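Okay, so here's the structure we're looking at.
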Amino acid sequence: MGVYSVPAEVSVILLDIEGTTTPIAFVKDILFPYIKDRVKEYLRAHWEEEECQQDVSLLRKQALADSNLEGAVPIPLETGTREEELERVIQAVVDNVYWQMSLDRKTTALKQLQGHMWRAAYATGQVTGEVFEDVVPAVRKWRAAGLKVYIYSSGSVEAQKLLFGHSTEGDILELIDGHFDTQIGHKVESESYRRIATSIGCSPSNILFLTDVAREAVAAEEADVHVAVVVRPGNAGLTDDEKSYYSLITSFSELFLPSS
Ligand SMILES: [Mg+2]
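In this note's numbering, the protein residues as written are 50 to 309.
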């Protein structure tokens, strides 16, 4: 562990977020609990707004589609404007969100409400996107050397931009050339990495992908993308085989660029 020499053909560095640029705990212990803690308060404060009503109606549609699932929580229509009636509907939305989150569902309806809540949280400074301290200096160095830097995360592009736009290091979006999420394909499928290369306009072998997850590393390598596996505090452990097979780094400062 400790040193990885970037192959000379690499012109793009593709970064995972959770467990790579950012502690897994930030997502698990801050972003998701924020939704649970604040969803009721958020709905009460924004209920009359068009956007919030759209979020609720999307959740209601999803609830209808889910009605045959075990434990599903229906969201009734408001039948009046009485305070208690409003409170009853809001509570149903809250219960529905909790139920979906308990199953780790990724429905568009849930993601949309979460996205809007996080946008408000970042904008008001209630949440700040965490990045490991070696990330920004390394990315600046790579860019100065002419490399391009992209993000590939299962979090939506919008959520990625919030995190890097309101990070512990300030707004660092200008350091990122582009963003990919699962719209381009899942991270454990090699085809996704070929599509990313096509989208960037390079060959897969021009890309170095940094991730903490071995299954993603396998998929990227299958597509002919270079890979280094990032070991950060709080990451899931790797097997002995994975440890011996992959190049491991514990900090972005351990990547060395070929001297030109
Ligand atoms: Mg990760």
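Cβ atoms here follow ideal geometry from the backbone N, Cα and C, with glycine treated the same way. It should be emphasised that the depicted structure is a prediction, and the values quoted were computed from it without experimental measurement.
Tell whether a beta-carbon distance below 8 Å holds between residue i and residue j.
i	j	result
PRO123	PRO282	no
LEU224	ARG192	yes
VAL61	ILE249	yes
GLU67	VAL76	yes
LEU287	VAL278	yes
ASP230	SER252	no
ASP65	ASP261	yes
THR156	GLN149	yes
LEU107	VAL142	no
LYS197	ASP220	no
LEU63	PHE258	yes
Which residues does DSSP list as the beta-bridge partners of residue i?
i	result
PHE258	LEU63 and VAL276
HIS95	HIS95 pairs with nothing; no bridge assigned.
SER54	PHE305
HIS235	Beta-bridge pairing links HIS235 to no other residue.
PHE229	TYR201
THR247	In the DSSP output, where bridge partners are listed per residue, THR247 has none listed.
THR71	GLU67
ILE298	VAL279
GLY219	SER216
GLY178	SER216
Within the continuous alpha helix (DSSP H) that includes residue i, where are the two ends?
i	result
VAL188	184-193
GLY214	206-214
SER293	289-294
ARG264	263-271
ASP144	132-151
Going by Cα to Cα distance, which pick from the options is closest to residue i?
i	options	result
PHE213	GLU179, PHE305 and GLU134	GLU179
LYS210	ALA263, HIS165 and VAL280	HIS165
ALA94	VAL188, GLU240 and ALA169	ALA169
ILE200	ILE256, ASP290, ARG87 and ILE84	ILE256
LYS190	THR69, GLU303 and LEU108	GLU303
ALA285	VAL52, ASP104 and ALA74	ALA74
CYS101	ALA112, LEU113 and VAL88	VAL88
ASN145	THR128, LEU113 and TYR171	LEU113
SER293	PRO186, ALA263 and PRO307	ALA263
HIS228	THR217, GLY219, TYR91 and ALA208	ALA208
ALA172	ASP289, SER308, LEU118 and SER216	SER216
ALA266	ASP115, THR299, GLY195 and TYR242	TYR242
THR177	TYR147, LEU152, GLU90 and ILE79	ILE79
THR130	ARG244, HIS235, TRP96 and ASP183	TRP96
ILE298	GLU119, LEU135, ARG154 and VAL184	VAL184
GLU291	VAL280, SER300 and PHE301	VAL280
ALA187	PHE305, GLY51 and ALA57	PHE305
TYR147	ALA194, ASN117 and ILE84	ILE84
SER151	GLY120, SER296 and ALA57	GLY120
So residue i is in the beta strand (DSSP E); what residue range does that whole segment cover?
i	result
HIS165	It is not in any beta strand (DSSP E) - HIS165 instead sits in the alpha helix (DSSP H) that spans 157-172.
VAL198	197-201
Examine chain D for any beta-carbon lying closer than 8 Å to the beta-carbon of residue i, and answer yes or no.
i	result
LEU257	The structure shown contains no chain D, having only a single protein chain.
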